[in-house]
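Those protein sequence lines, which keep their order, are chains F and S. Take the first sequence: its letter number 104 is residue 788 in the numbering used here, and every next letter is one higher. Take the second sequence: its letter number 34 is residue 301 in the numbering used here, and every next letter is one higher.
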Amino acid sequence: MSSPATELKAEASSSHLPLVGPFANLYNRFSSWRHSLDLPNPGTVENIQKEVKATHLTNFFFDGGRADLTKSVSLNPAFQVTHSFAFGSQVAPPSYNFGAVFANNNLFLQGGMDNEGNLNMRFNQGWTPNNVTKVHGQISSQVGHSHQPLPSRFDWNLLGGLLTITSTSYLAKYTSTDKSWIATAQVQSSGILQATYWQKLSDKVDVAADLQMIAAPARRDAVATLGAKYDLRMSTFRAQLDSTGKVSALLEQRFAPTFAFMVAGEIDHFKNSAKVGVGVMLESTTLTPEEMGMPPQGGMPYPPAP
Amino acid sequence: MPSEETKERIIKAVDLGRTILHYGWIPFIIYIGYTRSNPQPSLIKLISPLA
C-alpha cells in the first residue's frame, strides 16, 4: 500500500519527463548521427593551428637579452617554478616574470606574474577523459586607476568546445590520412580570415604557410608568412619570411640537458631595421637523479597545456 | 530591479574577489605544489632563483 506522499512524488517525477524527453531524444539522435559519419575528432578550437604555431617563430621570437631559470621541484605530480628576465629589447621595457606550474593527472594550474603586477592564469580540470573545464584569465593592475574597472579577460572552455561570449568563428580543419599535412581555415565575424597549411617534409623538417586577411571597414590588410623548422639532435632551427618584408631566424642550441642557448635575428627589409636577441635557458632541480629515475627532461620552461 | 545599494555591494564583492584572485593565485599554486610535491622541498629553494 502506497502513501499519498509517494504517489505524489512519482507523479511529479513523471511530469518532468515530457520536458526533458525531447532534448535527450535530440541529443541521442545527434550523437548517433555523429557516430554514423565516423569522422575522427578534429581536436579543440584553441589547438587548430598548433602545428603552424610550433613551426613559425612568431611566438618564439625575442630581441635583446633574456634568461629563463626553471626549477623542477617535483616530477609526479609535476611542479616547477620559473624566473624569466628580459632586458635590452627595442620594443619592450626590461621585465621580470615569475611563473609556477602544477600538474597532475587531471589538474593543471599555471600562474605567472610580471614586475608590473599583471597576472596570467590558467586552470584546467579534467573530469572524465573527454570532459575538461578550462579557465584562462589575465588580470592587470594599473596603478592610479583604481576607480576604473580593471581590464581583465576570462575564457571558459567546457566540454571541448569554446564558449566564446564576444564573437563567433567558423573553423575548418583537414588532416591528411597519414597526418603529414594539415590545412585549416578560419573566419571570424570581425572580418578576419585566416588560412594555414602545414606539412611534415621529413622526420626533422616541418614547413608551414599562413595567410591572414583583415577585411574590417576601418582596415584592410593581408599578411602571408612562410616558415620552416629543423629539429636536429641537440638544436632547433626556425626560419621565417613574411610579406611585410621581415626575414627572421631563431636557433636554440642545447649544450647539456639543463642548459640551452638561443640566438634570434630579424631583418625588416621595408623599414630597414634589424633586431637581435640572445638568451639562455637554465634548468635546475632540487631532486637527486635517483629520485627522478631518469636524466632531467629538456624543453620549454612550461610544459604544454594538456 | 536591484537597488543602488545592492548593486554597489555586488561591485564591491566582485572587486574583492578579483583582488584575492590577483594576489592569491600564485601563492595558491605554490601552496598546492609545496604540500603535494614528492619529496617535499625546502621553501627557500622554491622561491630563490639561485638556491
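Beta carbons are placed, not taken as given, at the ideal position from N, Cα and C, and that holds for glycine.
- Proximity of F/F786 to chain S, defined by a Cβ-Cβ separation below 8 Å, is satisfied.
- F/K734: member of the alpha helix (DSSP H) spanning K734 to T739, first to last residue.
- Using a Cβ-Cβ cut-off of 7 Å, S/K312 is close to T970 of chain F, given in chain order.
- About 15 Å separates the beta carbon of F/S919 from that of F/T942, a gap too long to meet the 8 Å contact definition.
- For the segment 293–313 of chain S, the residues whose beta carbon sits under 7 Å from a beta carbon of chain F are, in order, I293, I296, I297, I299, G300, R303, S304, N305, P306, P308, K312 and L313.
- When Cβ-Cβ separations below 8 Å define contact, S/L283 makes no contact with chain F.
- Within the DSSP bridge table, the entry for F/Y854 names F/V871 as partners.
- Your pair F/P761 and F/N804 does not check out as a contact, with CB atoms roughly 21 Å apart and the cut at 8 Å.
- In terms of beta-carbon proximity, F/S779 stays away from the interface with chain S, with every pair separated by 8 Å or more.
- For F/L971, the three-state secondary structure derived from DSSP is coil.
- Listed by position along chain S, the residues whose Cβ is nearer than 7 Å to that of F/G795 are W292, I293 and I296.
- When only Cα atoms are considered, F/V960 and F/L753 end up about 21 Å apart.
- For F/G783, the secondary structure class from DSSP, reduced to helix, strand or coil, is strand.
- By the CB criterion at 8 Å, F/A912 and F/V889 fall inside the cutoff.
- When DSSP states are grouped into helix, strand and coil, F/N731 belongs to the helix group.
- Taking the Cα positions, S/K279 is about 51 Å away from F/D722.
- Here the C-alpha atom of F/W865 lies approximately 11 Å from the C-alpha atom of F/S886.
- Beta bridge pairing from DSSP links F/T920 with F/D915 and F/E936.
- Contact between the segment 725–745 of chain F and the segment 920–932 of chain F is present: 3 or more CB-CB pairs across the two stretches fall below 8 Å.
- Between the C-alpha atoms of S/I287 and F/S825 there is a straight-line separation of about 13 Å.
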